[in-house]
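A.B. asks:
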Ligand SMILES: [Zn+2]
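The structure is reproduced here in structure tokens:
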């Protein structure tokens with residue numbers, strides 16, 4: 012069983028060792044700032060684990076569980092810091108989950124690391140030895156596979172790409188820095204750009220959803236698909252920033268492949284042509300730089316949960 016807790020959504024799957032999904036569930040995250048750090052997250056994981064176990068008819072305590080979380084996760088399962096899930100920062104999540112005695116926790120780590128493992132074993136990166144996973148959602152997550160191994164770093168926190176600073180004068184980030192990559196290339200970035208454009212008198216033909224006070228990233232992608240040039244221009248700008256950050260990562264890690272996934276996998280797919288066109292010009296040496304492939308995750312937003320399940324089952 013794998014459960015992927017994101018900044019906005021929770022996804023859970025039960026899968027076979029070969030990656031075939033036999034049950035899946037998806038719910039919305041509740042950020043309960045009032046409770047003890049991590050309590051809301053742990054309750055959510057336990058609740059989803061029992062719902063999934065009921066669906067497949069196997070007790071949750073008999074299903075090896077892997078959990079992916081959005082932030083820096085230490086090797087012993089403590090959420091060190093989560094910019095987009097601050098109610099769980101500094102909580103010993105693995106210890107808290109085990110204390111419930113309602114799950115069989117085998118792996119707990121960063122969500123994008125789980126997604127990287129999934130795509131490397133059973134997805135877009137099958138057979139590729141060195142790849143970088145970039146997950147686009149509320150923010151940007153990252154996973155690194157080098158020499159067929161997940162790179163977690165000294166503290167378990169490697170691959171926090173979203174908070175790589177790409178513009179020191181850029182907008183404030185919840186992490187405390189300014190101009191982090193995810194301010195320019197994530198779900199929140201698309202929203203920010205769309206709402207700024209609207210404040211400047213553009214995109215005024217965009218209807219707001221009922222009950223919504225602001226445009227969402229989804230509104231922009233739908234409008235772009237429907238032919239809005241202004242919406243397309245926002246996505247092109249996001250694609251350029253995405254390519255800029257990817258070029259930085261390529262310079263550091265030299266992967267053969269960069270996989271784009273996360274909750275905005277569909278958005279990434281619609282940017283792929285722009286990205287492929289922009290990236291070579293941003294790499295060191297330009298056309299002299301070896302080609303780096305760009306692909307969209309085969310398992311879309313389910314990659315994190317499926318990767319967590321594969322890690323729990325000892326398949327990765
Ligand atoms: Zn940041």
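Residue numbers (my numbering): 12 to 327.
Just so it is clear, CB atoms sit at the ideal spot from N, CA and C, and this is done for glycine as well.
Thinking C-alpha only, which one of 229, 167, 149 is nearest residue 155?
C.D. replies: 167
A.B. asks: Report whether the distance from the Cβ of residue 166 to the nearest heavy atom of ligand 1 is below 8 Å.
C.D. replies: no
A.B. asks: Does ligand 1 have a heavy atom nearer than 8 Å to the CB of residue 81?
C.D. replies: no
A.B. asks: Within 10 angstroms of its Cβ, does residue 228 collect 16 or more other Cβ (buried), or is it exposed?
C.D. replies: buried
A.B. asks: Assign residue 291 to one of three DSSP states: helix, strand, or coil.
C.D. replies: helix
A.B. asks: Roughly how many whole angstroms lie between the Cα atoms of residue 21 and residue 314?
C.D. replies: 12 Å
A.B. asks: Taking only the alpha-carbon atoms, compute the straight-line gap between residue 179 and residue 115 and give it to the nearest angstrom.
C.D. replies: 44 Å
A.B. asks: Could you tell me whether the region 71-87 touches the region 97-116, where touching means 3 or more Cβ pairs closer than 8 Å?
C.D. replies: yes
A.B. asks: What would DSSP say about residue 114, mapped onto helix, strand or coil?
C.D. replies: coil
A.B. asks: Between residue 213 and the rest of its own chain, which residues show a CB-CB distance below 7 Å, the 5 nearest in sequence each way excluded?
C.D. replies: 241
A.B. asks: Going by the DSSP bridge assignment, what does residue 183 pair with across the sheet?
C.D. replies: Per DSSP, 189.
A.B. asks: Does the beta-carbon distance from residue 15 to residue 183 come in below 9 Å?
C.D. replies: no
A.B. asks: Let me check you understand the geometry: is the CB of residue 188 closer than 8 Å to at least one non-hydrogen atom of ligand 1?
C.D. replies: yes
A.B. asks: I need the straight-line Cα distance from residue 355 to residue 30, nearest angstrom please.
C.D. replies: The chain is shown only over 12 to 327; residue 355 falls outside these bounds and no answer can be derived.
A.B. asks: Could you tell me if the beta carbon of residue 315 falls within a distance shorter than 8 Å of some heavy atom in ligand 1?
C.D. replies: no
A.B. asks: Go ahead and label residue 245 buried or exposed: buried means 16 or more other beta carbons lie within 10 angstroms of its beta carbon, across all protein chains shown.
C.D. replies: buried
A.B. asks: Per DSSP, what are the beta-bridge partners of residue 14 in this structure?
C.D. replies: 23, 78
A.B. asks: Suppose the cutoff is 8 Å on Cβ atoms and the five residues either side in sequence are ignored; what does the same chain contact list for residue 199 look like?
C.D. replies: Short of 8 Å from the beta carbon of residue 199, and not among the five residues preceding or following it, lie these beta carbons of its own chain, in chain order: 149, 150, 193, 228.
A.B. asks: Taking the alpha-carbon positions, what's the residue 334 to residue 177 distance?
C.D. replies: Examination of residue 334 is not possible in this model, given that the chain is present from 12 through 327 alone.
A.B. asks: When every heavy atom of ligand 1 is checked, does at least one fall within less than 8 Å of the C-beta of residue 153?
C.D. replies: no
A.B. asks: May I ask you to check if the CB of residue 194 is nearer than 8 Å to at least one heavy atom of ligand 1?
C.D. replies: yes
A.B. asks: Assuming residue 408 contacts residue 304 (C-beta within less than 8 Å), just tell me the rounded distance between them.
C.D. replies: Here the chain comprises residues numbered 12 to 327, so residue 408 is not present and cannot be evaluated.
A.B. asks: If you reduce the DSSP assignment to three classes, tell me which class residue 177 lands in.
C.D. replies: coil
A.B. asks: Should the region 65-72 be called in touch with the region 38-54, which here means at least 3 C-beta pairs below 8 Å?
C.D. replies: The region 65-72 is not in contact with the region 38-54.
A.B. asks: Work out the CA separation of residue 106 and residue 89 for me, nearest whole Å.
C.D. replies: 8 Å
A.B. asks: Among 132, 201, 208, which residue has its Cα nearest to the Cα of residue 233?
C.D. replies: 201
A.B. asks: Determine the direct distance from the alpha carbon of residue 263 to that of residue 300, and round the result to whole angstroms.
C.D. replies: 13 Å
A.B. asks: Just checking my contact of residue 281 with residue 312 at CB under 8 Å: how many whole Å lie between their CB atoms?
C.D. replies: That pair is no contact at about 15 Å.
A.B. asks: Just tell me which of 187, 189, 135, 126 has its CA closest to the CA of residue 162.
C.D. replies: Looking at the Cα atoms, 126 is the closest of the given residues.
A.B. asks: Distance check for residue 185 and residue 101, CA to CA, integer angstroms please.
C.D. replies: 16 Å
A.B. asks: Which whole-angstrom value is the C-beta distance of residue 322 and residue 138, which I expect to be below 8 Å?
C.D. replies: Not really, about 19 Å apart at Cβ, beyond 8 Å.
A.B. asks: Would you mind working out which of 153, 190, 292 sits nearest residue 258, comparing C-alpha positions?
C.D. replies: 292
A.B. asks: Kindly examine ligand 1 and report whether one of its heavy atoms sits closer than 8 Å to the Cβ of residue 173.
C.D. replies: It does: the Cβ of residue 173 is within 8 Å (strictly closer) of some heavy atom of ligand 1.
A.B. asks: With distance defined between alpha-carbon atoms, name the residue in 317, 24, 239, 119 nearest to residue 61.
C.D. replies: Measuring from the Cα of residue 61, the nearest candidate turns out to be 24.
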